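Using the working numbering, you'd call the opening residue of the sequence shown number 585 and step up by one each time. Glycine included, each C-beta is placed from N, C-alpha and C at the ideal position. Note that the coordinates shown come from a computational prediction; the quantities given were computed from them, not determined experimentally. Structure first, then comments.
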Amino acid sequence: MHRHEIDRLDRRQAYWVAAVVSPKRDWPAAPGCRRGARFLVNARSLSASREEFDTFDSQLSCLEWIMAKRADLHRALPGGAVRAVRLDRWLLGLE
Numbered sequence: 585m586h587r588h589e590i591d592r593l594d595r596r597q598a599y600w601v602a603a604v605v606s607p608k609r610d611w612p613a614a615p616g617c618r619r620g621a622r623f624l625v626n627a628r629s630l631s632a633s634r635e636e637f638d639t640f641d642s643q644l645s646c647l648e649w650i651m652a653k654r655a656d657l658h659r660a661l662p663g664g665a666v667r668a669v670r671l672d673r674w675l676l677g678l679e
């Protein structure tokens, strides 16, 4: 999903996404970023992204995906702790 497509989501449902916070300035997974920069995880490329991400219908399914991909995520996002967050709360800066 692309960020500009958010309007297409069903507003009655809570969506979950994998998110990560930059552990340091100029983080290798997001060159040029500041420490603490927030990103969503693109499930296809396993990269930190502000524009492209994948949604999950439940927190459990998001956590299962994170656990299944944890070794790849660790390599792609070194030092970043990937966690499941509600998309609406993430967009509002509450997560």
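Taking the Cα positions, residue 657 is about 27 Å away from residue 597.
With respect to the C-alpha of residue 633, the residue from 612, 593, 595 having the closest C-alpha is 612.
For the pair residue 663 and residue 605, the Cα-to-Cα distance works out to about 9 Å. Restricting attention to 592, 673, 645, the CA atom closest to the CA of residue 627 is found in 645.
Annotated as proximal: residue 603 and residue 625, with beta-carbon spacing under 8 Å. Residue state for residue 631 is assigned as strand, using DSSP reduced to three classes. If you check the CB distance, residue 601 and residue 669 come in under 8 Å. Beyond the five residues adjoining it in sequence on each side, residue 642 comes within less than 7 Å, by CB distance, of 600 in the same chain, given in chain order. Here the alpha carbon of residue 590 sits roughly 29 Å from the alpha carbon of residue 608.
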